[in-house]
Structure formats: C-alpha cells, structure tokens
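**Student:** First the structure, then my questions, so here it is.
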Amino acid sequence: VQLQASGGGLVQAGGSLRLSCAASGSIFSINAMGWYRQAPGKQRELVATISSDANTNYADSVKGRFTISRDNAKNTVYLQMNSLKPEDTAVYYCNADQLVLGLLYGYWGQGTLVTVSS
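Position in the sequence shown counted from 1, then plus 296, gives you the working numbering.
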C-alpha cells in the first residue's frame, strides 16, 4: 500500500486547509485511515482517524475545528482543517491499517507540511 498525501501549505491563523491522502497498490481490506502530525521537537501524535464504516475519532485539540472523511471509492482520506492555530503547525502524515490473514499492517504516507502563521 502506498499513501500519497497532499494539500499542505502556509496559511494565516484562522484560515483553512484541506489535506488529501490517496491510497494505491494492494488496497484490499484497508480498515482505519487517519492523520497524525509531528511538530518540531515533539513526538508524532494522533489528529483524527476514521474507520471503514466512517466512525471517527479526534484529538481533543482539534475537535470542532477539523473534520476527517473518506471516499472509499477513491481510496482517499481527507482532513478539513478550519480555524487553524499556530500550534497546528506540523508535518501531517496519513496512515492506513490493512488487515491481511488476521494480521494488521500499518502504512504511512510521506508527510505534508502545514505552517500556520500568527
């Protein structure tokens, strides 16, 4: 499974960005997909996840501002980010879990940089 993320960039505080992540390759049995982020000097942290049946989970810091969605027909997951804050600045990585013969495999995209200026 290959994951290609896009949509990062520079935005002012209060602005919006939409990230996309398209999965390709052996994409059968992909379960949850999600977004994580890593700010400079910090550990990677969960932002949001969405299951194959569209159940969502968000970090407290982004609830009410970010929305995760997925298009199973396009094998793509999206992250709509509104009311961005400087503390949202990070490299955002998409993630996908694939269940194969009872084993769960995790895959990561290459990351896309989001910079929020104050």
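Quick reminder that beta carbons are idealized off the backbone N, C-alpha and C, glycines included.
Pull up the DSSP beta-bridge partners for Asn378, would you.
**Tutor:** Partner(s): none; Asn378 has no beta bridge.
**Student:** Nearest to Ile346 by alpha carbon, out of Thr363, Leu399 and Gln406?
**Tutor:** Ranking the options by Cα distance to Ile346, first place goes to Thr363.
**Student:** Mapping the DSSP letters down to three states, classify Asp349 as helix, strand or coil.
**Tutor:** In this structure, Asp349 counts as coil in the three-state DSSP scheme.
**Student:** I'd like the list of long-range same chain contacts for Ala309, defined as Cβ closer than 8 Å, with 5 residues on each side in sequence excluded.
**Tutor:** Here the set comprises Leu380, Lys381, Pro382, Val412, Ser413 and Ser414.
**Student:** Quick check on this structure: which residue in Val297, Gln298, Gly311 and Gln300 has the alpha carbon closest to the alpha carbon of Gln376?
**Tutor:** Of Val297, Gln298, Gly311 and Gln300, the residue nearest in Cα terms is Gly311.
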